[in-house]
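There are 2 protein chains.
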Amino acid sequence: MSLAEMQAPIHRDEAAIAAVVEGLRATYGDRLSTSQAVREQHGHTTTWLKTQAPDAVVFAQSTEEVSDIVKRCAARKVPVIAFGAGSSLEGHVNAPGGGVCIDLSQMNAILEVNAEDLDCKVQAGVTRKQLNTDLRDSGLFFPIDPGADATIGGMTATRASGTNAVRYGTMKDAVLGLTVVTATGAVIHTGGRARKSSAGYDLTRLFVGSEGTLGIVTEITLKLFGQPEAISGGMCSFPSIKAACDAVIMTIQCGLPVARIELLDPLQVRACNIYSKLTLPEEPTLFLEFHGSESGVREQAETFGGIAEEFGGSEFRWATKAEDRTALWQARHDAYWASFTLRPGAKGVATDVCVPISRLADCVAETQRDLDENKLLATIVGHVGDGNFHVLVLVDEEDAGEVERAEAFVGRLNGRAIDFGGTCTGEHGIGQGKMKYMVKEHGPALDVMRAVKQALDPDRILNPGKILPEA
Amino acid sequence: MSLAEMQAPIHRDEAAIAAVVEGLRATYGDRLSTSQAVREQHGHTTTWLKTQAPDAVVFAQSTEEVSDIVKRCAARKVPVIAFGAGSSLEGHVNAPGGGVCIDLSQMNAILEVNAEDLDCKVQAGVTRKQLNTDLRDSGLFFPIDPGADATIGGMTATRASGTNAVRYGTMKDAVLGLTVVTATGAVIHTGGRARKSSAGYDLTRLFVGSEGTLGIVTEITLKLFGQPEAISGGMCSFPSIKAACDAVIMTIQCGLPVARIELLDPLQVRACNIYSKLTLPEEPTLFLEFHGSESGVREQAETFGGIAEEFGGSEFRWATKAEDRTALWQARHDAYWASFTLRPGAKGVATDVCVPISRLADCVAETQRDLDENKLLATIVGHVGDGNFHVLVLVDEEDAGEVERAEAFVGRLNGRAIDFGGTCTGEHGIGQGKMKYMVKEHGPALDVMRAVKQALDPDRILNPGKILPEA
């Protein structure tokens, strides 16, 4: 499947689209936009996929409005695409058949914080940073941190995770319940505030990660965590990726409750040194963070120090002061942008895969060999406690041969991850960009996914052209 | 919905059933049984629901055989019911329309243990104790422990949990991937060995807890955990249920990574004293267990001691020796059987609900008042770190009035839990017994569950008459 095929245009019923847009304009007035700039921004993709703009963007302010908009689209079989912060990476918000984009960013109220139960309820447009700012004085925090300041709705839709997942889980684990607008415009509530339930099908988990193709998430009930009494962190260099990965495996196997354990390859370290003005040795490096009691984090760090030594790691370099730790993790979060310092003007092709951690070192090593052989410049960072790593290929867009080599590389990388018993995406999602790997990864299970889609959205109005390749 | 309605017989196509059974007999010979004893044992329910036996029981030995049996049933629209250990509590394995029961207990091979990745793959008939016995020398363990020695397949089907869930999660969290035979007899694989994935719909979580109504689980890939370096535990009495629950809330809020925190009401303590020859004060009591490093468990226990004191708890009584700890937890696991010592010859009506922990004390207090007002004898135990508690009503089956009062009580209890923002079952599942609460708990979301069922099993051959009440 070529890039063009992945983004294949979908049949448009021009009259239906025009009628729905005009009707919405009458109701939503200024909160509906058909300007080219707004439409393009809402079909914008952060990476290499081309923008496919919707016909109109409506800024919804309530679940009832989302329901109203979906009902109108359903009546005329017009595509409807939910939009949060637009930070997804695989063309999730593109509109290959045009239609109506529902921008949820104005639905940004934090509806409830239940400190005793360690949960909260937010509207879909709340961002993760907004939530944590709001929680700051409550003693609680929400741990899931994809690179961007994504919305909770978008993170739910893509089953996002981030650097803390090894300790605190992913959106699959964090979401207790949802309010969802279905393809008919019905409003349903899934899950609830109980910590566990065996009452019927797990619709919550069905909608988490469904990328707006089964329903539009408007409210999310989330698990929260107590802010740890103490946090410590630091970094450690290793003679090889293999040695670093072996240290990670041992760490996880020992049951050390590490909060973050991130791998940066030497090229990524160089980029971070330049961008974030650091002076780290340009070697395979682990960034770590420990959460717990004062004595607990000390003990964890000592245990890790012993493990690192066993695998030839450098002495553990502490970021003892809070500001040093913040600087370290800011550098990690800026790794994506830092990479571009290695090749200013280049286009970034970002991809992520996830493998069982025992296969991580081999998978990364093969990937580096593949990059070298194909003369591609790329940085690698990984949430290695989960076996998840990201490759950012820096490509000269004007060089057709290089673009082709990069696309072919991404294909091999994803196939390799699946062959290693892993998945073509640990946290970015499928969108348009990874549809072509769905058959290899899921085989006949794809038919079951298609049956679920057919049952919940028979007219295929919800974010069409995503996740499921044509049969 | 009355008990009779919950167990309403389903139309039987006698000729189709006879033809399928005869065909299966020709293939499976001795591994097919139509004896009344075997059939009744496979429709046996541990609690108050009446047995509805299947027409035949086949002992399958492979996924291919399960596929073959389902295909034959599908061809004639004959019901097919998966059976593990038969330890479910809500009539899950009953056959209100007869049909074929597939007993998976002979599929009890542990297929893989991947120590480096902390995962394993087992056939559905492996029991939790069998798995842990097998793992003993590996340094790993599987934490999920419903009271019975259930099969992993059955635990997957009911989204089971147990005393360790507060620390290690439920089957929702433990299952990484599945092999499932669908309603057409197709064999699919969901999930995989990667620790996380954003690649499409979460079919794994859709099948977990679906009680054999969407597909038959034949193989399960499970997360494992390292055996903790140190374990400590003990118990503590409180002046009231409220005080005990407040101590639990504080414990969870502090982020204390308690491995088990179990509440026993005074009546349950009395029963355990008799049955397990203990001498505990007959007061609201918490049993606790801490996992971690030597110093970590000491610190956790000290922290908990401080919390207990704050809420008027007794001094923490340590079970320092491993055999004392084993005796304590054996008593907890035997609590169900112990309850019958309070009223020998009684029938047990077991039910479980789960609420946000801030509502737990109120929910338990109202429940005890309800029991008193209705002159019902019942014990209460709870996995209170999750807000989940069990009530076992001891009923004289011969006393129709008492049976009716018990049924009405269970109805109020389930309604109360839902009204408190909770669920009608934390871990037992719906089966037949809790179908009547599905409308109240899920509202219009039930239509989405029905659509999923219709999509995956349009002829309703998979465990019919369970989970979803007739619309």
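The listed protein sequences correspond, in order, to chains A and B. Numbering follows the working numbering, with no gaps: position 158 of the first sequence is 158. When you read off a place in the second sequence, starting at 1, and then add 1000, the result is the number in the working numbering. Glycine included, every Cβ here is placed at the ideal spot set by N, Cα and C. Quick caveat: nothing in here was measured; it's all calculated off a predicted structure.
Spatial neighbours of A:Lys50 within its chain, please: C-beta separation below 7 Å, excluding the five flanking residues on both sides.
As a position in the first sequence, residue 50 of chain A is number 50, starting the count at 1. Residues of the same chain with a CB within less than 7 Å of the CB of A:Lys50, apart from the 5 flanking positions on each side, are Gln7 in chain order.
Can you give the Cα-Cα distance for B:Arg1009 and B:Gly1099, rounded to whole angstroms?
Numbered from its first residue, the second sequence carries residue 1009 of chain B at position 9. Numbered from its first residue, the second sequence carries residue 1099 of chain B at position 99. The sequence given here places Pro at residue 1009 of chain B; Arg does not occur at that position. If you take the alpha carbons of B:Pro1009 and B:Gly1099, they lie about 12 Å apart.
Give the DSSP bridge partners of A:Thr285, in chain order.
Translated into the one-based positions of the first sequence, residue 285 of chain A becomes position 285. Paired residues: A:Ser237, A:Leu264.
Residue nearest to B:Val1126 in terms of C-alpha spacing, selected from B:Ala1115, B:Asn1114, B:Glu1116, B:Asp1103:
As a working note, residue 1126 of chain B is residue 126 in the second sequence. Taking only the C-alpha atoms, the option nearest B:Val1126 is B:Asp1103.
Separation of A:Thr423 from A:Glu441, as counted between CA atoms
Here residue 441 of chain A refers to the residue found at position 441 of the first sequence. Here residue 423 of chain A refers to the residue found at position 423 of the first sequence. If you draw a straight line from the Cα of A:Glu441 to the Cα of A:Thr423, it comes to about 7 Å.
Since I believe B:Phe1409 is in contact with B:Asp1370 (beta carbons under 8 Å), could you give me their beta-carbon distance rounded to a whole number of angstroms?
Along the second sequence, read from residue 1 onward, the residue named residue 1370 of chain B stands at position 370. Along the second sequence, read from residue 1 onward, the residue named residue 1409 of chain B stands at position 409. About 6 Å separates the two Cβ atoms, so the contact holds.
Which ranges does the beta strand (DSSP E) cover as unbroken runs of at least 3 residues, wholly within the stretch 134-180 of chain A, from first to last along the chain?
Here no run is fully enclosed.
Taking B:Gly1385 as the reference, which of B:Val1187, B:Gly1209, B:Pro1469, B:Pro1356 has the closest Cα?
Residue numbering aside, residue 1385 of chain B sits at position 385 when the second sequence is read from its first letter. Answer by Cα proximity: B:Pro1356.
Is B:Trp1048 buried or exposed, if buried means 16 or more other CB atoms sit within 10 Å of its CB?
Translated into positions along the second sequence, residue 1048 of chain B becomes position 48. For B:Trp1048, the number of other beta carbons within 10 angstroms of its own is at least 16, and it is reported as buried.
Contact under 8 Å by Cβ, A:Met449 with B:Leu1203:
Translated into positions along the first sequence, residue 449 of chain A becomes position 449. Translated into positions along the second sequence, residue 1203 of chain B becomes position 203. In this structure, B:Leu1203 lies closer than 8 Å to A:Met449 by Cβ.
Out of A:Val80, A:Thr63, A:Val113, A:Gly226, which one is the CA nearest neighbour of A:Ala16?
Mapped onto the first sequence, residue 16 of chain A falls at position 16. Of A:Val80, A:Thr63, A:Val113, A:Gly226, the residue nearest in Cα terms is A:Val80.
On the DSSP bridge list, what partners appear for B:Ala1056?
The residue you call residue 1056 of chain B lines up with position 56 of the second sequence. Bridge partners of B:Ala1056: B:Val1100.
For B:His1383, which three-state DSSP category applies?
By 1-based counting over the second sequence, the position of residue 1383 of chain B is 383. Correct three-state label for B:His1383: strand.
B:Phe1142 and B:Arg1128: beta carbons closer than 8 Å?
The sequence position of residue 1142 of chain B within the second sequence is 142, counting from 1. The sequence position of residue 1128 of chain B within the second sequence is 128, counting from 1. For B:Phe1142 and B:Arg1128, yes; Cβs fall inside 8 Å.
Is it the case that the stretch 223-242 of chain A contacts the stretch 285-301 of chain A, given that we only count it when at least three CB pairs across the two stretches are under 8 Å?
The answer is yes - the stretch 223-242 of chain A touches the stretch 285-301 of chain A, with three or more Cβ pairs under 8 Å.
Just grab the DSSP bridge partners of B:Asp1352 for me.
If you number the second sequence from 1, residue 1352 of chain B lands on position 352. For B:Asp1352, which the question treats as bridged, DSSP gives the partners B:His1390.
Nearest to B:Thr1190 by CA position, among B:Glu1211, B:Gly1169, B:Ile1220, is which residue?
Here the question's residue 1190 of chain B lines up with position 190 in the second sequence. For B:Thr1190, the nearest C-alpha among the options comes from B:Ile1220.
Could you check whether the Cβ of A:Lys121 sits closer than 8 Å to any Cβ belonging to chain B?
In the first sequence, the residue the question calls residue 121 of chain A occupies position 121. Not closer than 8 Å to any Cβ of chain B, the Cβ of A:Lys121 fails to qualify, so no.
Quick check on the DSSP output: what are the complete beta strand (DSSP E) runs of length 3 or more inside the stretch 6-60 of chain A, in order along the chain?
Counting only unbroken stretches of 3 or more residues, the beta strand (DSSP E) elements lying wholly within the stretch 6-60 of chain A are 56-59, in sequence order.
Within 10 angstroms of its Cβ, does B:Val1070 collect 16 or more other Cβ (buried), or is it exposed?
By 1-based counting over the second sequence, the position of residue 1070 of chain B is 70. With at least 16 other beta carbons inside 10 angstroms of its own, B:Val1070 counts as buried.
Considering Cα atoms alone, identify which of B:Ser1210, B:Asp1399, B:Val1248 is closest to B:Lys1466.
Looking up residue 1466 of chain B in the second sequence gives position 466. For B:Lys1466, the nearest C-alpha among the options comes from B:Ser1210.
Is the stretch 1298-1314 of chain B in contact with the stretch 1357-1376 of chain B, if contact means three or more CB pairs nearer than 8 Å?
Cβ pair count under 8 Å is below three, so no.
Count the other CB atoms, across all protein chains shown, that sit within 10 Å of the CB of A:Gly401; report buried if there are 16 or more and exposed otherwise.
For the purposes of this step, residue 401 of chain A is taken as residue 401 along the first sequence, with counting starting at 1. A:Gly401 should be labelled exposed.
Determine whether the Cβ of A:His528 lies closer than 8 Å to any Cβ atom of chain B.
Not covered by the structure: residue 528 of chain A. The range shown for chain A is 1 to 471.
Among A:Ile430, A:Gln130, A:Ala335, A:Ile152, which residue has its Cα nearest to the Cα of A:Val353?
Looking up residue 353 of chain A in the first sequence gives position 353. Taking A:Val353 as reference, the option from A:Ile430, A:Gln130, A:Ala335, A:Ile152 with the minimal CA-CA separation is A:Ile430.
Where B:Cys1424 falls: helix, strand or coil (DSSP)
Residue 1424 of chain B sits at position 424 when you count from the first residue of the second sequence. Three-state result, B:Cys1424: coil.
For A:Leu413 and A:Leu263, the rounded distance between their alpha carbons
For the purposes of this step, residue 263 of chain A is taken as the residue at position 263 of the first sequence. For the purposes of this step, residue 413 of chain A is taken as the residue at position 413 of the first sequence. Looking at the two C-alpha atoms, the distance is approximately 18 Å.
Sub-8 Å separation of B:Arg1039 and B:Thr1163 beta-carbons:
In the second sequence, residue 1039 of chain B corresponds to position 39, counting from 1. In the second sequence, residue 1163 of chain B corresponds to position 163, counting from 1. Not a contact, by the Cβ cut-off of 8 Å.
Show which residues of chain A have a CB atom less than 7 Å away from the CB atom of B:Phe1225.
Locating residue 1225 of chain B in the second sequence gives position 225, where the first residue counts as 1. Neighbours of B:Phe1225 across chain A, judged by C-beta separation under 7 Å: Gly255.
Minimum Cβ-Cβ distance from B:Leu1203 to chain A less than 8 Å
Along the second sequence, read from residue 1 onward, the residue named residue 1203 of chain B stands at position 203. The beta-carbon of B:Leu1203 is placed less than 8 Å from the nearest beta-carbon of chain A.
Tell me whether the stretch 388-398 of chain A and the stretch 338-349 of chain A touch, counting them as touching only if at least three CB pairs, one residue from each stretch, are closer than 8 Å.
Of all C-beta pairs linking the stretch 388-398 of chain A to the stretch 338-349 of chain A, three or more are shorter than 8 Å, placing the two stretches in contact.
How should B:Asp1149 be labelled, buried or exposed, when 16 other C-beta atoms within 10 angstroms of its C-beta is the threshold for buried?
On the second sequence, residue 1149 of chain B is found 149 positions in, with the first residue counted as 1. With fewer than 16 other Cβ atoms within 10 Å, it is exposed.
Apart from the five residues just before and just after A:Leu256, which ones in its own chain have a Cβ nearer than 7 Å to its Cβ?
Counted from its first residue, the first sequence places residue 256 of chain A at position 256. If we look at A:Leu256 and ignore the five residues flanking it on each side, its Cβ neighbours are Gln300, Thr303, Phe304.
Opening and closing residue of the alpha helix (DSSP H) in which A:Cys73 lies:
As a first step, residue 73 of chain A is located in the first sequence; it is residue number 73 there, counting from the start. For A:Cys73, the enclosing alpha helix (DSSP H) has its first and last residue at 63-75.
Test item: CB-CB of A:Asp265 and A:Ile241 under 8 Å
In the first sequence, counting from the first residue as 1, residue 265 of chain A sits at position 265. In the first sequence, counting from the first residue as 1, residue 241 of chain A sits at position 241. Pairing A:Asp265 with A:Ile241 gives a Cβ-Cβ distance under 8 Å.
Can you give the Cα-Cα distance for B:Glu1427 and B:Lys1347, rounded to whole angstroms?
Against the second sequence, residue 1427 of chain B aligns to sequence position 427. Against the second sequence, residue 1347 of chain B aligns to sequence position 347. Each residue's alpha carbon lies about 21 Å from the other.
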